[in-house]
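Counted the way full-length UniProt numbering counts, the sequence shown spans residues 1 to 94.
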Amino acid sequence: MRTFRSITLPLLRRALAVNTVLVSVQTLNTFDSILALTGGGPGRATEVLALFTFNTVFYNLDLAAGCVLALLLFAIGMAMTLLVGWLGRGAEGE
1 MRTFRSITLP LLRRALAVNT VLVSVQTLNT FDSILALTGG GPGRATEVLA LFTFNTVFYN
61 LDLAAGCVLA LLLFAIGMAM TLLVGWLGRG AEGE
């Protein structure tokens, strides 16, 4: 266990950070499978932010609100990317 913590895990830190960012951003932006399987329902139980943005723009025809929601999605994704980059910064010197 000590070998894993002191050798293996530090070497995998960058790969884990990149994977975390990619999976998180994909999770935020995934709406196609939810739209195809449930349509956001029953009610709005499975509606995620990306699907809400899609519905706002294409069903409600509210382009301004859709732009704001898209910028919010971008800001959340960027914040997560910067956070993981900041947390993984310690691995540079190793």
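Where is the CB? At the ideal position from N, CA and C, for every residue including glycine.
Predicted model only: the values in this text are computed from it and were never measured.
- About 6 Å separates the beta carbon of G77 from that of L28, a gap short enough to meet the 8 Å contact definition.
- Approximately 30 Å separates the beta-carbon atoms of L49 and L12; this is outside 8 Å, ruling out the contact.
- Sixteen is the threshold: when 16 or more other Cβ atoms of the shown chains lie within 10 Å of the Cβ of N55, as they do, the residue is buried.
- Annotated three-state conformation of M1 is coil, per DSSP.
- Taking all protein chains in view, the Cβ of A17 is crowded by 16 or more other Cβ atoms within 10 Å, so the residue is classified as buried.
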